[in-house]
Amino acid sequence: MHEIVLQLNAFAEKVAKRAELFAAALVIAIVLMLVLPMPVWLLDILIALNLCVAGLMVVVSMYMPGPTAFSTFPAVLLLTTLFRLALEVSTTRQILLEANAGHIVETFGNFVVGGNLVVGLVVFLILTVVQFIVITKGSERVSEVAARFTLDAMPGKQMSIDSDLRAGLLTAEEAKHKRSELSKESQLHGAMDGAMKFVKGDAIAGIFIVAVNLIGGISIGVLQNNLAAVDAMHLYSVLTIGDALIAQIPALLISLTAGMITTRVADDNRKNGEQPSNIGQDIVAELFSEPKALATASVIMLLFGFIPGMPTLVFLILAATLATAGAVGLLKPKALLEQQRRVNASESENARIVDLTTFAATKPFIVRMPLVLKETPAAEAITIAVRVMRNCILEKRGIPDLQVIDFEFNSTIPDGRIHFLMSEVPLIDVEIRSGWASAVESVARLEELGFTALEDTLTGTRRRRTWVQAADPGKLREAGVIYEMWEAVFAADVEVEMMRNCQMFVGVHEVQRFTRWAERRYPELGKELGRSVPLPRLAEVIQRLARERVSIRNARLILETILEWAAKERDPDVLADYVRLALKRQLCHEAARDGLIEVLLLAPELEDQLRNGIRQTSQGSYLDISPEIQQALLDRLGELVGTGGTAAALPVLVTAADIRRSVRKLIEEEFFSVSVFAFSELTQHSRIQPVGMIEL
Numbered sequence: 022m023h024e025i026v027l028q029l030n031a032f033a034e035k036v037a038k039r040a041e042l043f044a045a046a047l048v049i050a051i052v053l054m055l056v057l058p059m060p061v062w063l064l065d066i067l068i069a070l071n072l073c074v075a076g077l078m079v080v081v082s083m084y085m086p087g088p089t090a091f092s093t094f095p096a097v098l099l100l101t102t103l104f105r106l107a108l109e110v111s112t113t114r115q116i117l118l119e120a121n122a123g124h125i126v127e128t129f130g131n132f133v134v135g136g137n138l139v140v141g142l143v144v145f146l147i148l149t150v151v152q153f154i155v156i157t158k159g160s161e162r163v164s165e166v167a168a169r170f171t172l173d174a175m176p177g178k179q180m181s182i183d184s185d186l187r188a189g190l191l192t193a194e195e196a197k198h199k200r201s202e203l204s205k206e207s208q209l210h211g212a213m214d215g216a217m218k219f220v221k222g223d224a225i226a227g228i229f230i231v232a233v234n235l236i237g238g239i240s241i242g243v244l245q246n247n248l249a250a251v252d253a254m255h256l257y258s259v260l261t262i263g264d265a266l267i268a269q270i271p272a273l274l275i276s277l278t279a280g281m282i283t284t285r286v287a288d289d290n291r292k293n294g295e296q297p298s299n300i301g302q303d304i305v306a307e308l309f310s311e312p313k314a315l316a317t318a319s320v321i322m323l324l325f326g327f328i329p330g331m332p333t334l335v336f337l338i339l340a341a342t343l344a345t346a347g348a349v350g351l352l353k354p355k356a357l358l359e360q361q362r363r364v365n366a367s368e369s370e371n372a373r374i375v376d377l378t379t380f381a382a383t384k385p386f387i388v389r390m391p392l393v394l395k396e397t398p399a400a401e402a403i404t405i406a407v408r409v410m411r412n413c414i415l416e417k418r419g420i421p422d423l424q425v426i427d428f429e430f431n432s433t434i435p436d437g438r439i440h441f442l443m444s445e446v447p448l449i450d451v452e453i454r455s456g457w458a459s460a461v462e463s464v465a466r467l468e469e470l471g472f473t474a475l476e477d478t479l480t481g482t483r484r485r486r487t488w489v490q491a492a493d494p495g496k497l498r499e500a501g502v503i504y505e506m507w508e509a510v511f512a513a514d515v516e517v518e519m520m521r522n523c524q525m526f527v528g529v530h531e532v533q534r535f536t537r538w539a540e541r542r543y544p545e546l547g548k549e550l551g552r553s554v555p556l557p558r559l560a561e562v563i564q565r566l567a568r569e570r571v572s573i574r575n576a577r578l579i580l581e582t583i584l585e586w587a588a589k590e591r592d593p594d595v596l597a598d599y600v601r602l603a604l605k606r607q608l609c610h611e612a613a614r615d616g617l618i619e620v621l622l623l624a625p626e627l628e629d630q631l632r633n634g635i636r637q638t639s640q641g642s643y644l645d646i647s648p649e650i651q652q653a654l655l656d657r658l659g660e661l662v663g664t665g666g667t668a669a670a671l672p673v674l675v676t677a678a679d680i681r682r683s684v685r686k687l688i689e690e691e692f693f694s695v696s697v698f699a700f701s702e703l704t705q706h707s708r709i710q711p712v713g714m715i716e717l
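Laid out in C-alpha cells, this is it:
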C-alpha cells in the first residue's frame, strides 16, 4: 500500500509539472465540443465533471483565508463558463437530433421535477432568478465597489508599507511580500469586476437555450418525427428541463463561489504563528461572540413557540439550543482564564526541572520603560522620537544593516525612569521628563521670562543641561527661547551611546553587506577591494569613521581612498584619516551653521605639550601627559562649549593633523559630540569663525 501511495505521489508531481499542457488541452476540448457531436456516455461524464468542479469551487471558496488565496478564480470562471456553454450546446444537439441527452439529463427531468413541465419551468425560473437577480447582481455590484475602493486605497497602502519599512517594523522581505500581495489584490478585484459579466451572461444564455430546446424540440417532434403534439411536448419538455437544471445548478454554485470571494473580508490581525481562518470559522466565531445576543434570540424563539398554531416543539428546541450556546459563551472566558492559570502554574513548575538546550541571543538595542507607561501618549512620543533617530542614523550616516530598537515595558523599572541597553547591558538610566524641554538659556534667564526651570548634569559628563517646563511650547517660541523637547533629547543621548559603541553593530558582517552593495554598483571597484583589503581591516576603518559620526554614504570615494592607500599603509587609524581627508568637503558642510564653521583652537604651547606626550606602541599610540594638564584642558573645553542642550550646534575643535586623533581620544569620554578636525580637513572655501582658545 505504501508503494502505491508513493507511485501516486510521483505521478501527481509529474502531472503538476505539465499542468499548462492540461490547461491547453482543456481549451481545445471545449472548442471541439462546440462543433463535434458527443456520444451519450461521454455527455454523462462531462455533466458529472461539471457538477464536481462547481461543488469543488464552492468548498474551496469556503476554506480560503482571503480573496487573494484564489487569485486564479477569474480565469477559472471564464473556463468553466465556456465549458458549461459548450456542454449545453452538445446536449441541445443531442436533444434535437436524437431526443436523448444521457441518463443524467433524463433523471433530472423525470425524478427531480416529476416529469411535470410546469413544475420544471417554475424550478428553473426560480433558480435563474436567484442566480441572476440575487447572487449575480449583488456580486457584480460588490466587485465594482471593491475594485474602485481597492484602486483608490493602493497609494495609501503602499505609503504605509514604505513607512513601516523605514521605521523598522518590516524587513525588506516582508515589505516585498506585502507589496506583492497588494498588487495581486488590485489585479484580482479589477479582474473580478469584469469576470462577473461572464456569470451574468451565462444566466441570460440559459433562458434562451431553454426556449430554443423546447420550441425546437416540439417542432422537430411534430413536423419531422410525426409525433403527436402532446407526446412531443412531454418528451422534449422532460429533456429540456433536465438539461436546463443540470446547467443552472452548477452555474448557481459558481455564482455562489464568486459571491463568497467578492464578499470575503480577510482578517489581517492574526497573531504570529496563528493559522488563517476560513469563512466558516469566522461566521461561527462572530455569530457566537455575543452570548447576550444568543440569550435574547432564545427568548424570542420561546415566545414564538407559545403562539397558537405554531410548531411548539421546534421553537422550544431552537430556544434551548440558543440558550445553551449563550451559557457556554458566558462561561468560556472564565474557563479559559482558569486553564491559562493552570498552564502557567504547570510551566512555572516545569521550568525548574527542564534542562535547556538552546539560548536566545542578546537583543542589540532595548529601550525599557515602566509598565505604567504602556499604551500612553508619553510612551508613544518616546517611541516615535527614538525610531526617527534610528532611521536618521541609517539614512544620513549610511550604517549598514542597522538593527531595529526594541521597546519593552517592565515592572522592575521604577516609575519615572527610562533605560537604554545595548546587548542587554544598561548604558542610560535617566528620569523621564515628559512635558519638559532642554533650553539654551540659564535658569535665571528662564525664570525672569516667567518659566519654571531647573538644571542638572549630563550623564557621565560635567556638562550642565537646563530644563524648562514646556506644557505650551508656543510661549517658549514667542519668548525667543531655543529649546528641544525631552523626547528628542533622550533620542539624541541614545544616538551618542550607539555611536560611542558602534563596534557592537558595525562589524565584519555589516561591512561585508556594505561592500557587496557597493560591488553591485561598482563591480570593478568591489573586486579590486576584495583582493587588496582584508575584510577585518576594512571593518576597523569603517568603525573608526562611524565612531566619529562620519557618514559612509559616499561609498565610492571611501572605498577608492582605502584602496589607494591600503598597499602603503596598514594602520586602520591612518587609513581612516586619509578617508576623512578625502571627505573634507562633506565634513565641513555638515559642521557648518548657515555656511559658517565655529571653531575652537588649541594654544601652540598646549599643542606642543600634547605632541611631545604621544607614545607609539605595537598596539597603537596613546597620550602620556600629566592628569593636571588633561583636567585643565577638559575644564576649559567645558567652559567654551557651554550649557547648551542638543539644540545648540557645538563648535568644532581644530588641531594639527599629527595630534588630532590623540586629542579626540582625550575628550571623547566627556565631550563625545564635539568633533575634532585637523587643519588639513578644512577646505579653502570654508568660512571659519574662531570662538575660543584652549590654553593652560
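Count along the sequence shown from 1, add 21, and you get the number used in the numbering used here. A virtual CB, placed ideally from N, CA and C, is assigned to each residue, including glycine.
Item, Value
"Neighbour-count burial assignment, E452, 16 or more Cβ in a 10 Å radius", "exposed"
"Own chain, CB closer than 6 Å to E540, minus 5 neighbours either side, in chain order", "G547"
"Sequence-distant residues of the same chain with beta carbon closer than 6 Å to R568, five excluded per side", "C523"
"Minimum length 4: unbroken alpha helix (DSSP H) runs contained in the region 233-311", "250-283 and 300-308"
"Given E628 as reference, the closest of L578, A588 and I715 once Cα atoms are compared", "I715"
"D477 vs R486 beta-carbon contact at 8 Å", "yes"
"Contact the region 308-318 vs the region 193-203: 3+ CB pairs below 8 Å", "no"
"CA-to-CA distance, P625 to S463, given in whole angstroms", "33 Å"
"Beta strand (DSSP E) segment containing D450, residue limits", "V446 to E452"
"Distance, M254 Cα to L235 Cα", "8 Å"
"Simplified DSSP state of Q424, which is helix, strand or coil", "coil"
"Whole-angstrom distance between A122 and I262, CA atom to CA atom", "12 Å"
"Those residues which DSSP pairs with T638 across a bridge", "G641"
"Beta-carbon proximity of V600 to T582, cut-off 8 Å", "yes"
"Start and end residues, beta strand (DSSP E) containing R486", "R485 to Q490"
"Rounded separation between G616 and V673 - CA only", "14 Å"
"Continuous alpha helix (DSSP H) stretch holding A465: start and end", "V464 to E469"
"Collapsed DSSP secondary structure at L57 in the structure displayed", "coil"
"Rounded straight-line distance, which links the Cα of E206 to that of R685", "56 Å"
"Spatially closest choice to V233 from A96, V515 and T112, by CA coordinates", "T112"
"Neighbourhood of Q564 by C-beta distance below 7 Å, restricted to the same chain and skipping five residues each side", "C523, Q524 and V527"
"Span of the alpha helix (DSSP H), counted from its first residue to its last, around E712", "The sequence given here places Val at residue 712; Glu does not occur at that position. It is not in any alpha helix (DSSP H) - V712 instead sits in the beta strand (DSSP E) that spans R708 to I715."
"Nearest neighbour of P88, chosen from L209, P391 and Q652 [CA to CA]", "L209"
"Reduced DSSP secondary structure (H/G/I, E/B, other) of I439", "strand"
"Simplified DSSP assignment, three categories, for R389", "strand"
"At least three beta-carbon pairs within less than 8 Å, the region 642-656 to the region 700-714", "no"
"Closest by C-alpha distance to I225, when choosing among D185, F145, I300 and M180", "F145"
"For S554, three-class secondary structure by DSSP", "Per the sequence presented here, residue 554 reads as Val, with Ser not at that position. Coil."
"Rounded C-alpha distance that separates F777 from I156", "Outside the modelled stretch of the chain, which goes from 22 to 717, sits residue 777, for which no answer is possible."
"First through last residue of the beta strand (DSSP E) which encompasses M506", "Y504 to M506"
"T383 beta carbon less than 8 Å from that of S455", "no"
"8 Å Cβ cutoff met for A344 and A306", "no"
"DSSP state of R574 mapped onto helix, strand, coil", "coil"
"Own chain residues within Cβ distance below 8 Å of G713, not counting five before or after", "L621, L622, L661 and P672"
"Nearest residue (CA-CA) to V163, options L142, K218 and P648", "K218"
"Nonlocal neighbours in the same chain, by C-beta distance under 7 Å from Y543, ignoring five residues either side", "R577"
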